[in-house]
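Here the structure is laid out as structure tokens; the discussion comes afterwards.
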Amino acid sequence: MRVTQGAFSFLPDLTDRQVSAQIEYCLRQGWAVSVEFTDDPHPRNTYWEMWGMPMFDLRDAAGVMAEVRACREANSQAYVRLSAFDSTRGWETVRLSFLVQRPSDEPGFRLERLEAQGRTVRYAVRPYAVDRPAGRRYGPASAARGEAR
Amino acid sequence: MSVLSEPAAAFAAPSEVVDLKALEAETDMSAPMAELDRDLVGLKPVKQRIREIAAFLLVARARERAGLANGAPTLHMAFTGNPGTGKTTVALRMAGILHRLGYVRKGHLVSVTRDDLVGQYIGHTAPKTKEVLKRAMGGVLFIDEAYYLHRPENEKDYGQEAIEILLQVMENQRADLVVILAGYRERMQAFFAANPGFRSRIAHHIDFPDYDNDELLAIANALLAASDYRLSAGAREAMTDYIARRRRQPGFANGRSIRNALDRARLRQAMRLCAGTAVASRDALQTIEAEDIRASRVFTMLTN
Amino acid sequence: MADSTSLTKVRDIKQRYQPGVLKYAQMGYWDGDYEPKDSDILALFRVTPQEGVDPIEAAAAVAGESSTATWTVVWTDRLTACEAYRGKAYRVEPVPNQPGQYFCFVAYDLDLFEEGSIANLAASIIGNVFSFKPLKACRLEDMRLPVAYVKTFRGPPTGIVVERERLDKFGRPLLGATVKPKLGLSGKNYGRVVYEALKGGLDFTKDDENINSQPFMHWRDRFLYGMEAVNRASADSGEVKGHYLNITAGTMEEMYKRAEFARELGSVIIMVDLVIGWTAIQSIANWARDNDMIVHMHRAGHGTYTRQKNHGVSFRVIAKWLRLAGVDHLHAGTAVGKLEGDPLTVQGYYNVCRETKNAIDLPRGLFFDQDWAGIRKVMPVASGGIHAGQMHQLIDLFGDDVVLQFGGGTIGHPMGIRAGATANRVALEAMVLARNEGRDIRSEGPEILRDAANWCQPLRAALDTWGDVTFEYASTDTSDFVPTAVAV
Chain G
1 MRVTQGAFSF LPDLTDRQVS AQIEYCLRQG WAVSVEFTDD PHPRNTYWEM WGMPMFDLRD
61 AAGVMAEVRA CREANSQAYV RLSAFDSTRG WETVRLSFLV QRPSDEPGFR LERLEAQGRT
121 VRYAVRPYAV DRPAGRRYGP ASAARGEAR
Chain D
1 MSVLSEPAAA FAAPSEVVDL KALEAETDMS APMAELDRDL VGLKPVKQRI REIAAFLLVA
61 RARERAGLAN GAPTLHMAFT GNPGTGKTTV ALRMAGILHR LGYVRKGHLV SVTRDDLVGQ
121 YIGHTAPKTK EVLKRAMGGV LFIDEAYYLH RPENEKDYGQ EAIEILLQVM ENQRADLVVI
181 LAGYRERMQA FFAANPGFRS RIAHHIDFPD YDNDELLAIA NALLAASDYR LSAGAREAMT
241 DYIARRRRQP GFANGRSIRN ALDRARLRQA MRLCAGTAVA SRDALQTIEA EDIRASRVFT
301 MLTN
Chain E
1 MADSTSLTKV RDIKQRYQPG VLKYAQMGYW DGDYEPKDSD ILALFRVTPQ EGVDPIEAAA
61 AVAGESSTAT WTVVWTDRLT ACEAYRGKAY RVEPVPNQPG QYFCFVAYDL DLFEEGSIAN
121 LAASIIGNVF SFKPLKACRL EDMRLPVAYV KTFRGPPTGI VVERERLDKF GRPLLGATVK
181 PKLGLSGKNY GRVVYEALKG GLDFTKDDEN INSQPFMHWR DRFLYGMEAV NRASADSGEV
241 KGHYLNITAG TMEEMYKRAE FARELGSVII MVDLVIGWTA IQSIANWARD NDMIVHMHRA
301 GHGTYTRQKN HGVSFRVIAK WLRLAGVDHL HAGTAVGKLE GDPLTVQGYY NVCRETKNAI
361 DLPRGLFFDQ DWAGIRKVMP VASGGIHAGQ MHQLIDLFGD DVVLQFGGGT IGHPMGIRAG
421 ATANRVALEA MVLARNEGRD IRSEGPEILR DAANWCQPLR AALDTWGDVT FEYASTDTSD
481 FVPTAVAV
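Protein chains in written order, with my numbering: chain G, 1 to 149; chain D, 1 to 304; chain E, 1 to 488.
Structural data, given as structure tokens:
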């Protein structure tokens, strides 16, 4: 399966050039861009690991791209996303977020149902990958990088 | 324009003949060069060097168009000279020139010193230096008094870590930013001797001579004109006198000393006007008189 | 008795309170010199007086009947601070290019209104005057709600920012679809449509306004099958998904019961229709705040009073009231779809929903500055006769913070519902990507869609089927203005 979180997951994986253009867009809006990664893609896993702090006051995408590459290198089998933060009054939140890496193999999620009274069902969504401990969830650590970029 | 289109699309098609004048017009180089001439008094050798560099880069573009061998040129520079000789201002213009020629994408200048790059404890320096480099991407990183990065007396100085990161980026990300190292001539020479890595990565050395007395007077006039002041005939004479004395005294910093002197002269002018008659003419409001200059301590200090 | 032809306020106390009939203007409901206070509620009416009725007297009558007046003089006025309580018409101007119509500006003192009650506001401002005989027609065009009044409301329970954070979806419009056919599907079949659409790539599906609990599908069935579909689709995609469960019912008690069942099943969103009324809307907003639920508002019925330009209430006023009352989603028009809406006027509604402060914007029908005082933003919903081929127009008109609902455009897809949803999602993402890259989507949109259709078969089929469908009719509700002529 393919996790379709983020703004562009229904498109073919973005090339570095396309990622760069999106970063340029964010910088033009005055947003701070940050890199995050995780090996737990549960839809409600809000807090991915931060790859450093959000990058404020940048003028060019090259600096962010260097961090993206470094994060991919260090976490070759993780989901990596870029988020752009807007500090304008009334927003003060993420304004754009999209994946820039996914593991080579995505086993997806199990849907667990617990039947309760009155035909009610309680649902739980569980990533198959989290059955293994953090850090060993997607492929062997020594595996080659998921996708050529 | 799409950000995905080539920044220098005009140069894309290889050709047998390249019209350099047209290329110059396309890149609109005349504007920053004219600005340089207009905004900066004197500095003839500096301006000449910049024209050379600009011409070299233009020809590099033309060679690219003609399909001739052309690695990404190294553009890092060293600006040497005494304080107040216009290094920062020229760096700012240089960023604009490099931007117009398509050698840097954004054309901004990030100006730093050792304190912005080097941390206070282990693990502090690398993030600091990287942060500065990220902000400078797409533009020019100007490191003033770069030799402070290197402290030969202290082997464990964190400056060395910043130097190593800088060297790496200067080598590997030449398309992303241009670094200009600046400082006193002799100290920069010693710095380069101790860090040959820098010397080999610097393509252009520009030496900024001290201004002569006439140039400093011209700077004074330009600074005043820019804020609607002017020197009276007497003040002009006083200023000439001031310049000759000031440069023989300690702490002389070329253009910067002139700027400071004028700031003080304006304060004295204001005091003089307030102490005088109740009404001040438009003319009086913009005129610096000889006494506003001659009240300076420069005239009472002993000079050797 | 005062001179019956005069339209100036009677200042002599004896004359003013002599039993009998005075003109409203004479009673003090017209004051051309009045300077509105920052704390006043301001209203702009478009008034069409009967033949022979002076526009100033008509304006005074509107101000009077929507505040303290009755048809005759009453001495009991003198037991009150009646000067303060009188609504004051302070400006009357002919409507540009609409003979016989006048813009009448009325100011009301804040103390005329109960805090935190749209029902009270509506009963005052539109309670009586619209049936008033001296007027042929009357329309409430716009209102300025002072910060002091806005602060007595709690506004949207969730708002755009928190909704996006809960859904973890940023930087693109959200996608939805209304399950079709509107009526007749069993609960099990209904859930199938929900599952296919969400799995195909939509963020939301939606009950229609009149899907409640009919013989062919009782509400509990719909909720149970709907949530099975939502959870399946969520597990298949790794995304948070939702289905707007319409809890509209005959009584508040029944609505609470349905809302609680939706919560119990883990739904992120419920839905109500505008026809449930202002009090019910404020109550359900309270419930939603207590239960972290997004409230989707379907503006069912609004066309009966918002559509005609000369009589009724403009939708921009309804949108302002709903933002105060507390809804998170609001159907606000498409401009390009099958339902009424001139593009600029519709953008005006969107601005009312989304901006922190509205500036006067006459082309978009905003006659007043409006400070929303930190109240949350409402997510506008574009729904009705839109399809993937219009993606560039929709994003150009409305930006990212909107739910685009392609009901027919999803479910009517020749390759099936899932393919219909995918076509919409791919078109959306391709368009946002291109816009961010700096391309001019207004002119390059069709090309961008065709490029994506080259690798996305469902999008190609959608463009082939609906590419040429447009709804080009003249709008009945456009803004009447002459630049700079009408501004407070």
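Quick reminder that beta carbons are idealized off the backbone N, C-alpha and C, glycines included.
request  = Using a Cβ-Cβ cut-off of 8 Å, state whether D13(G) counts as contacting chain D.
outcome  = Translated into the one-based positions of the first sequence, residue 13(G) becomes position 13. No, D13(G) does not count as interfacial toward chain D.
Three-state secondary structure (DSSP) of H99(D) = Translated into positions along the second sequence, residue 99(D) becomes position 99. Looking at H99(D) - three-state DSSP - the assignment turns out to be helix.
request  = Determine the extent of the beta strand (DSSP E) in which L491(E) is found, giving its start and end residues.
outcome  = Lying before the first or after the last residue shown, residue 491(E) is absent from chain E, which here runs from 1 to 488.
request  = Count the C-beta pairs between the segment 79 to 97 of chain E and the segment 16 to 30 of chain E that are closer than 8 Å, then say yes if the count reaches three, no if not.
outcome  = yes
message = Closer than 8 Å is the cut-off here; do at least three beta carbon pairs connect the segment 102 to 115 of chain E with the segment 29 to 46 of chain E?
response = yes
request  = Assign M137(D) to buried or exposed, taking buried as 16 or more other Cβ atoms, counted over all protein chains shown, within 10 Å of its Cβ.
outcome  = Here the question's residue 137(D) lines up with position 137 in the second sequence. M137(D) should be labelled buried.
message = Is Y150(G) close to chain E? Criterion is C-beta to C-beta, closer than 8 Å.
response = The structure shown has nothing for residue 150(G), since chain G only spans 1 to 149.
query = In the segment 407 to 482 of chain E, which residue ranges form an unbroken alpha helix (DSSP H) of at least 4 residues, counting only runs that do not cross its ends?
reply = 408 to 411, 417 to 436, 441 to 455 and 457 to 466
request  = Evaluate G123(D) with the Cβ neighbour count: other Cβ atoms within 10 Å of its Cβ, from every protein chain shown; 16 or more gives buried, anything less gives exposed.
outcome  = Mapped onto the second sequence, residue 123(D) falls at position 123. By the neighbour-count rule (16 or more Cβ atoms within 10 Å), G123(D) is not buried but exposed.
message = From the DSSP secondary-structure annotation, give me the bridge partner or partners of D212(D).
response = As a position in the second sequence, residue 212(D) is number 212, starting the count at 1. Paired residue(s): none; D212(D) is not in a bridge.
query = Mind checking if K128(D) is an interface residue toward chain G, Cβ cutoff 8 Å exclusive?
reply = Here residue 128(D) corresponds to residue number 128 of the second sequence, with the count starting at 1. False, the Cβ-Cβ gap to chain G never drops below 8 Å.
key: Per-residue burial, F216(E) [other beta carbons within 10 Å of its own, 16 or more giving buried]   = As a working mapping, residue 216(E) is identified with position 216 in the third sequence. Per the 10 Å Cβ criterion, exposed.
request  = Buried or exposed for F56(D), please, with buried defined as at least 16 other CB atoms from any protein chain shown within 10 angstroms of its CB.
outcome  = Counted from its first residue, the second sequence places residue 56(D) at position 56. By the 10 Å Cβ count, F56(D) comes out exposed.
CB contact check: L96(G) to chain D, cutoff 8 Å = On the first sequence, position 96 is the one that residue 96(G) refers to. No, L96(G) lies away from the interface with chain D (no Cβ there is under 8 Å from its Cβ).
ask   = For the beta strand (DSSP E) that H150(D) lies in, which residues bound it at each end?
value = As a first step, residue 150(D) is located in the second sequence; it is residue number 150 there, counting from the start. Segment: none, H150(D) is in no beta strand (DSSP E) and carries neither H nor E.
message = Would you say D57(G) lies against chain D (beta-carbon separation less than 8 Å)?
response = Position 57 of the first sequence, counted from the first residue, corresponds to residue 57(G). Judged by the 8 Å Cβ criterion, D57(G) is in contact with chain D.
key: Unbroken beta strand (DSSP E) run spanning V150(E), endpoints   = For this step, residue 150(E) is matched to residue 150 along the third sequence. First-last for V150(E): V147 to V150, but that is the alpha helix (DSSP H), not the beta strand (DSSP E).
query = In chain G, what lies closer than 9 Å to T133(D) by C-beta?
reply = Numbered from its first residue, the second sequence carries residue 133(D) at position 133. Checking the sequence shown, residue 133(D) turns out to be Leu, not Thr. Chain G residues near L133(D): G63 and A66.
request  = Check the Cβ of D292(E) against every Cβ in chain G and list those closer than 8 Å, keeping chain order.
outcome  = For the purposes of this step, residue 292(E) is taken as the residue at position 292 of the third sequence. Going along chain G, no residue has its Cβ under 8 Å from D292(E), so there is no contact; the nearest lies around 13 Å.
ask   = Roughly how many angstroms separate the alpha carbons of I126(E) and K357(E), rounded to a whole number?
value = Counting from 1 along the third sequence, the entry for residue 126(E) is found at position 126. Counting from 1 along the third sequence, the entry for residue 357(E) is found at position 357. So the two alpha carbons sit approximately 25 Å from each other.
query = Tell me which same chain residues have a C-beta within less than 7 Å of the C-beta of W219(E), skipping the five on either side of it?
reply = Along the third sequence, read from residue 1 onward, the residue named residue 219(E) stands at position 219. Excluding positions up to five away in sequence, the list reads N212, S213 and R258.
request  = Name the one or two DSSP bridge partners that E36(G) has.
outcome  = Position 36 of the first sequence, counting from 1, holds the residue named residue 36(G). M50(G) and R81(G), per the DSSP bridge assignment.
ask   = Excluding five sequence neighbours on each side, which residues of the same chain lie with their C-beta closer than 6 Å to the C-beta of G407(E)?
value = Along the third sequence, read from residue 1 onward, the residue named residue 407(E) stands at position 407. Counting only Cβ-Cβ distances below 6 Å, and skipping sequence neighbours, we find A177, T178 and K180.
request  = Using three-state DSSP, classify V157(G) as helix, strand or coil.
outcome  = Since the first residue shown for chain G is 1 and the last is 149, residue 157(G) is missing from the structure and cannot be characterised.
ask   = For S383(E), which three-state DSSP category applies?
value = Locating residue 383(E) in the third sequence gives position 383, counting from the first residue. Here S383(E) sits in strand by DSSP.
task = Specify the secondary structure class of F170(E) as computed by DSSP and reduced to three states.
result = On the third sequence, residue 170(E) is found 170 positions in, with the first residue counted as 1. F170(E) falls in the coil class under three-state DSSP.
key: Cβ neighbours of R93(D) in the same chain (closer than 7 Å, five flanking residues each side left out)   = On the second sequence, position 93 is the one that residue 93(D) refers to. The residues are P32, E35 and L36.
ask   = With 8 Å set as the bound, which would you pick, yes or no: does the beta-carbon of D40(G) sit closer than that to a beta-carbon of chain E?
value = Taking the first sequence and counting its residues from 1, one reaches residue 40(G) at position 40. Taking Cβ atoms only, chain E never reaches closer than 8 Å to D40(G), which makes this a no.
key: Residues near A487(E) in its chain [Cβ-Cβ closer than 8 Å; skip 5 each side]   = The residue you call residue 487(E) lines up with position 487 of the third sequence. With a pLDDT of only 40 at A487(E), under the threshold of 50, the placement of this residue in the model should not be trusted, and no figure is reported.
query = Any beta-carbon of chain D closer than 8 Å to the one on D60(G)?
reply = Residue numbering aside, residue 60(G) sits at position 60 when the first sequence is read from its first letter. Chain D, which has a Cβ nearer than 8 Å to the Cβ of D60(G), makes this yes.
query = Fully enclosed by the segment 283 to 350 of chain E, which beta strand (DSSP E) runs are 3 residues long or longer?
reply = 294 to 298 and 329 to 331
query = Taking Cβ to Cβ, would you say M77(D) is nearer than 8 Å to I163(D)?
reply = Here residue 77(D) refers to the residue found at position 77 when the second sequence is read from its first residue. Here residue 163(D) refers to the residue found at position 163 when the second sequence is read from its first residue. No, these two residues do not count as a Cβ contact at 8 Å.
request  = Tell me, please, whether the CB atom of V3(G) is closer than 8 Å to any CB atom in chain E?
outcome  = For the purposes of this step, residue 3(G) is taken as residue 3 along the first sequence, with counting starting at 1. Yes, V3(G) counts as interfacial toward chain E.
query = Of all the CB atoms in chain G, is at least one closer than 8 Å to the CB of L139(D)?
reply = Walking along the second sequence from the start, residue 139(D) turns up at place 139. The question names Leu, but residue 139(D) in the sequence shown is Gly. Chain G, which has a Cβ nearer than 8 Å to the Cβ of G139(D), makes this yes.
ask   = Quick one: what's M143(E) bridged to in DSSP?
value = Against the third sequence, residue 143(E) aligns to sequence position 143. Answer is A43(E).
query = Would you say Q405(E) and V381(E) are within 8 Å of each other, going by their C-beta atoms?
reply = Translated into the one-based positions of the third sequence, residue 405(E) becomes position 405. Translated into the one-based positions of the third sequence, residue 381(E) becomes position 381. Cβ distance < 8 Å, so Q405(E) and V381(E) count as in contact.
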